[in-house]
Amino acid sequence: MTLAQGEEGKTYLVEKLSLAQKTEKRLQALGMTCGTKIEVMKNKNGGTMIIKMRNTRLAIGRGISTHIEVRS
1 MTLAQGEEGK TYLVEKLSLA QKTEKRLQAL GMTCGTKIEV MKNKNGGTMI
51 IKMRNTRLAI GRGISTHIEV RS
């Protein structure tokens with residue numbers, strides 16, 4: 001499943017990033033690598049989602065979140 005499909009309040013593990021190289025490298029520099037735990041804090045329909053990763057909150061757009069594969 002993709003991160004965009006994640007439910008609020010649940011925690012997921014990152015499996016794969018399928019983004020443009022520049023975006024993928026930026027997320028990796030922020031600590032989003034395979035195996036990273038991500039908690040979905042807010043998931044608005046069709047909009048920005050707020051996630052918590054490594055004790056940091058991040059806002060991620062729908063276009064990026066649809067290219068991040070996660071598992072429960």
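Under full-length UniProt numbering, the first residue of the sequence shown carries the number 1, and numbering increases by one thereafter.
Every residue gets a Cβ at the ideal spot worked out from N, C-alpha and C, and that includes glycine.
Cut-off 8 Å between Cβ atoms - residues of its own chain near residue i, not counting five sequence neighbours on either side
{"i": "residue 32", "result": "14, 17, 38, 53 and 68"}
Integer Cβ distance of residue i from residue j, believed to fall under 8 Å
{"i": "residue 2", "j": "residue 66", "result": "5 Å"}
As assigned by DSSP and simplified to three states, the class of residue i
{"i": "residue 59", "result": "strand"}
Residues near residue i in its chain [Cβ-Cβ closer than 7 Å; skip 5 each side]
{"i": "residue 46", "result": "62"}
{"i": "residue 59", "result": "48 and 50"}
6 Å CB neighbourhood of residue i in its chain, flanking five on each side removed
{"i": "residue 34", "result": "14"}
{"i": "residue 71", "result": "13 and 15"}
Whole alpha helix (DSSP H) elements within the UniProt domain "Ferrous iron transporter FeoA-like" (1–72), 4-residue minimum: 21–29 and 62–65
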